[in-house]
Amino acid sequence: MTDTVNMTFKDLNLPSEILQALEKVGYETPSPIQAESIPLLLEGHDLLGQAQTGTGKTAAFALPMLANIDVEESFPQLLVLAPTRELAIQVAEAFQVYASFSKKIRVLPIYGGQSYDNQIRQLKRGVQVVVGTPGRVIDHIQRKTLKLDRLKFLVLDEADEMLRMGFIDDVELILSHSPKEKQTALFSATMPGPIKKITERYLHEPKHVKIASKVSTASTIRQRYCQVAGHHKLEALTRILEVEQFDGVIVFVRTKTATLELADKLSARGYDVEPLNGDIPQKSRERTVERLKSGSIDILIATDVVARGLDVERVSHVINFDIPYDTESYVHRIGRTGRAGRQGDAILFISHREKRLLFQIEKTTKQSIEQMPIPSISEMNESRLVRFKESVVEAIEDDSIQSLIPIIEMIKSETEADPEVLMAALAKIAQGDEPLLLKEGDRPDLNAKPERRERSERDFGGRERGGRDRGRGGERGDRGGRGGERGERRPRERTTPDAGMKRFRIDVGHVHHVKPGNIVGAIANEADISSKNIGAIEIYDTYSTVDLPAGMPAETREQLQGTRVAGQRLSLREWSDKPPARGNREGGKGRDGGRGDDRGANRAKPNFAKKEHRKGPKKPQE
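Just so we're aligned, residue 3 is where the sequence shown starts under our numbering, counting upward by one.
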């Protein structure tokens, strides 16, 4: 085992360009998995890395493989497969940071929800590193826009997640299109049977590195989390900022664009806030930090990279508006508060399907994170009253108000108003357009409990989501409804889609061994539709139906045409209740059998309006 005591990245024989990049982001000491893996990969060994999320495994494979990239050749030399678009983006961003001093290395993330045209253009221009989700990688392979014939390195990141998401067949298909003579690294937190088989089949005498995570957080930081739907996060953040007693705040988001958008929205709500991201010139970033230190602003909206090493004494709160996808990032983020023995607060926003990541953070840091209810209307009103009273008392103690007393006395004599009425009128003027006290219903009820579900099920990415209701027409069919396993499915009355939803047909069914979670994962991952906006799914023998938002843009529908599930193209088109011609019935006997998994009950129609952004050219995502 490598001696990691007092080891630095300079001891790992990495090129100077990579060391410069590491120095720029403040990395000095390799984590255990980095110290163990980097020398082995530099030597050309295949690697089986077993480590939890948050242990620094991205750098463990990115640094040595970047070191061995031939910068003079512009074809794909390294392919990294990731289970979700979020992880693909994150890994690609890390590669771009590590390669920032190697001007000839080009990195391209490819995933669903992005235009094919842009990806194809960049592939034609030439890239050395491709980071992608399995479905989109297969699409490019079949389009012949991505060629792997000269691939030198291949990484399977979070292989156990790919197994849980039903991507293993896709992974094996991709591996079969890659050269036998290549260096392969597989990283997984666990080693279930199918992952072991892939290791035995595709890795050549791999070295095994197993690391137990020791990531921890400071005891001076109070850690809490709020469970909130994505479209309610801004409202939840606003409520917290109203109720919490804070000095300085850093709000973390995932992308550069999000820093601008959120800063604009909070500024419109009256907060002194500035964005902080990698596109902002260094001098401007320094001025922004100084403004936070001096109290000229109270809130920074920041991305991970620019906030590393940031030490501002008055930062009392760190709010993770977007949950990080590795524990190490979480620890670095919340470490911006509670420094040097000071007390700090860290608040994490999660959706229901992101609970897996929360549990992973708790498991890795060995600290529990307490749930925090989103402040209610009454709590907001109480906080507003306290601040209003404080401002009144402060004004009373200000000697300058003496000059205003004659004006008040004049108004009182002219109107003959009682002093209480006069003060109430002044309070009304002071509150402006925003009422001092809110009424129930003025804001969304974010604390309402979701409807009780019959069961829970995991959606794509292995994240927990609420289970499905039983069919709206009554109970589910009997247990014989699984396509021949226990006899013929019983027909059931077909329901109509919920308001705001439309039913579509997709060309994948029981014969393809598809499950509802596979369909949800593919649609959510490839077309950027939140899983909560995917309605009822009914699976038949050779096809399925799925209810999707009626207001989908044409480009989103087009995107879903080529999306693959279980190796099959969805070929999405609108469902027709008109039965097929005699002799061409699908699903065995053409009955309305299937699973009848209801996903869409009482769901609001999503907003497909374009996101707000500043005028001028779009900022690239970080």
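Glycine residues also receive a C-beta, built at the ideal position from the N, C-alpha and C atoms.
Contact between V522 and S546 does not hold, since their C-beta atoms are separated by about 11 Å, which reaches or exceeds 8 Å.
About 5 Å separates the beta carbons of I539 and P518, which is inside the 8 Å limit, making them a contact pair. If you check the CB distance, P136 and L68 do not come in under 7 Å. L438 and N383 have their C-alpha atoms roughly 8 Å apart. Sorting I525, R289, L153, E276 by C-alpha distance to the C-alpha of S573 places I525 at the top.
The continuous beta strand (DSSP E) containing F506 extends over residues 503-508. In this structure, DSSP gives S298 a state outside helix and strand, which the three-state scheme calls coil. In the DSSP assignment, D141 falls outside any beta strand (DSSP E) and within the unbroken alpha helix (DSSP H) covering 136-145. Per the Cβ contact rule, the region 175-185 is in contact with the region 142-162 (3 or more Cβ pairs under 8 Å). Here T339 is actually not in contact with S370; their C-beta atoms are around 18 Å apart, not less than 8 Å.
DSSP places V173 in the helix class (H, G or I) of the three-state scheme. Spanning the alpha carbons of I379 and G272 requires a straight line of approximately 19 Å. With fewer than 16 other beta carbons inside 10 angstroms of its own, I413 counts as exposed. Within the same chain, Cβ atoms closer than 6 Å to the Cβ of I301 are found at V251, Y273, V275, the five residues on either side in sequence being excluded. Judged by DSSP secondary structure, T201 falls within the alpha helix (DSSP H) whose first and last residues are 195-204. Of all C-beta pairs linking the region 236-254 to the region 319-330, three or more are shorter than 8 Å, placing the two stretches in contact. One thing to note: I71 has its Cβ within 7 Å of the Cβ of Q79. Pairing E202 with E38, the inter-Cα distance amounts to about 21 Å. About 6 Å separates the beta carbon of T305 from that of K258, a gap short enough to meet the 8 Å contact definition.
A Cβ-Cβ distance of about 6 Å is found for the pair V27 and V99, placing them in contact under the 8 Å criterion. Shown here for V131: same chain residues with a beta carbon closer than 6 Å to its own, the five before and five after excluded, namely L80, F97, V109 in chain order.
Contact between the region 188-199 and the region 159-173 is present: three or more C-beta pairs spanning the two stretches fall below 8 Å.
G128 is the residue among A161, G128, E160 whose C-alpha sits nearest the C-alpha of L150.
Judged by DSSP secondary structure, N520 falls outside any beta strand (DSSP E) and instead within the alpha helix (DSSP H) spanning 518-529. Sixteen is the threshold: since fewer than 16 other Cβ atoms of the shown chains lie within 10 Å of the Cβ of I431, the residue is exposed.
An exposed status is given to M425, since fewer than 16 other beta-carbon atoms sit within 10 Å of its beta-carbon.
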